[in-house]
Amino acid sequence: MGEDEEEDYMSDAFIQQDVRPGLPMVRRVREAIQKEEKQKEANEKNKQKSVKEEEHERREAVLRSALGNENRGFALLQKMGYKSGQALGKSGEGIVEPIPLNIKTGRSGLGHDEFKKRKAEEKLESYRQKLHMKKKANEQAADQFRTRFKTKQEERKMEGDLRRSQRACQQLDMQKMLKIYLQTALETVLQTTTKVFLKKRILDEHVYSS
Numbered sequence: 002m003g004e005d006e007e008e009d010y011m012s013d014a015f016i017q018q019d020v021r022p023g024l025p026m027v028r029r030v031r032e033a034i035q036k037e038e039k040q041k042e043a044n045e046k047n048k049q050k051s052v053k054e055e056e057h058e059r060r061e062a063v064l065r066s067a068l069g070n071e072n073r074g075f076a077l078l079q080k081m082g083y084k085s086g087q088a089l090g091k092s093g094e095g096i097v098e099p100i101p102l103n104i105k106t107g108r109s110g111l112g113h114d115e116f117k118k119r120k121a122e123e124k125l126e127s128y129r130q131k132l133h134m135k136k137k138a139n140e141q142a143a144d145q146f147r148t149r150f151k152t153k154q155e156e157r158k159m160e161g162d163l164r165r166s167q168r169a170c171q172q173l174d175m176q177k178m179l180k181i182y183l184q185t186a187l188e189t190v191l192q193t194t195t196k197v198f199l200k201k202r203i204l205d206e207h208v209y210s211s
């Protein structure tokens, strides 16, 4: 029986399997996983490569291999004194490696890649501008917040100074009123004392004269 063939559930191999209720569940799960892995391996081995994959592999193998004498261009260079690994040019100032081959495999028209690249650059530039504008707006918002916070601090300081000035004025007014009250009371006492003294003096003179 092959690995990729399904098991015959009526065969002796299946009937002889240990299916007692006491068989651990872990063992059953392990056997199922191993069977699935073997099936995957068999499928991978039997899987055939597509035409595109084969073409790509052949192309990469050719590009990786160095030019030989069977290449006419390379043969002409060798006749003119060129050796493998040297740079082109009379004084060796040219390139060493061949110009890379850019193979177009898609169905898009010529210039489509450049168009996509330009669109991507425009999108990136637009994203950068948005980030710049957002950063500028955040900086402006931060400046406005700092200005408002500073203004509130100044207003609170002015309110505190105003309250202290009001308390000082009230204290001065109280002191002034107290001073006036004391002065008035003192004058009243002096007047009363003077009147009593005069009355007593008048009575004394009247007593002496009689």
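Okay, so the sequence shown: first residue is 2 according to my numbering, each after it adds one.
Glycine included, each C-beta is placed from N, C-alpha and C at the ideal position.
Open item on the list: For chain D, check one thing: does any of its Cβ atoms lie closer than 8 Å to the Cβ of M175?
Closed with: This model lacks chain D altogether; it includes just one protein chain.
Task: Under the three-state DSSP convention, the category L204 falls into - done: The residue labelled residue 204 in the question sits at position 203 within the sequence shown. Reduced to three states, the DSSP call for L204 is helix.
Open item on the list: Using 8 Å as the threshold, is the C-beta distance between A88 and G95 below it?
Closed with: The residue you call residue 88 lines up with position 87 of the sequence shown. The residue you call residue 95 lines up with position 94 of the sequence shown. Here A88 is near G95, since their CB atoms are less than 8 Å apart.
- [ ] Reducing DSSP to helix, strand and coil, say where Y83 ends up.
- [x] If you number the sequence shown from 1, residue 83 lands on position 82. Y83 sits in coil when the DSSP states are folded into three classes, being neither helix nor strand.
- [ ] Determine the direct distance from the alpha carbon of A169 to that of V190, and round the result to whole angstroms.
- [x] Stepping through the sequence shown from its first residue, residue 190 is reached at position 189. Stepping through the sequence shown from its first residue, residue 169 is reached at position 168. The straight-line gap separating the alpha-carbon atoms of V190 and A169 is approximately 31 Å.
Open item on the list: Less than 8 Å between the C-beta atoms of N70 and A62, yes or no?
Closed with: Here the question's residue 70 lines up with position 69 in the sequence shown. Here the question's residue 62 lines up with position 61 in the sequence shown. Cβ distance not < 8 Å, so N70 and A62 don't count as in contact.
Task: Cα-Cα separation between K135 and L173, rounded to whole angstroms - done: Taking the sequence shown and counting its residues from 1, one reaches residue 135 at position 134. Taking the sequence shown and counting its residues from 1, one reaches residue 173 at position 172. Spanning the two alpha carbons is a distance of roughly 56 Å.
Task: Three-state class that DSSP yields for K91 in the structure shown - done: Position 90 of the sequence shown, counted from the start, is the residue given in the question as residue 91. In the structure shown, K91 sits in coil (DSSP, three-state: anything other than H, G, I, E or B).
Open item on the list: Less than 6 Å between C-beta atoms, sequence neighbours within five positions excluded: which residues of the same chain meet that for A138?
Closed with: The residue labelled residue 138 in the question sits at position 137 within the sequence shown. Result list for A138: empty, nothing under 6 Å.
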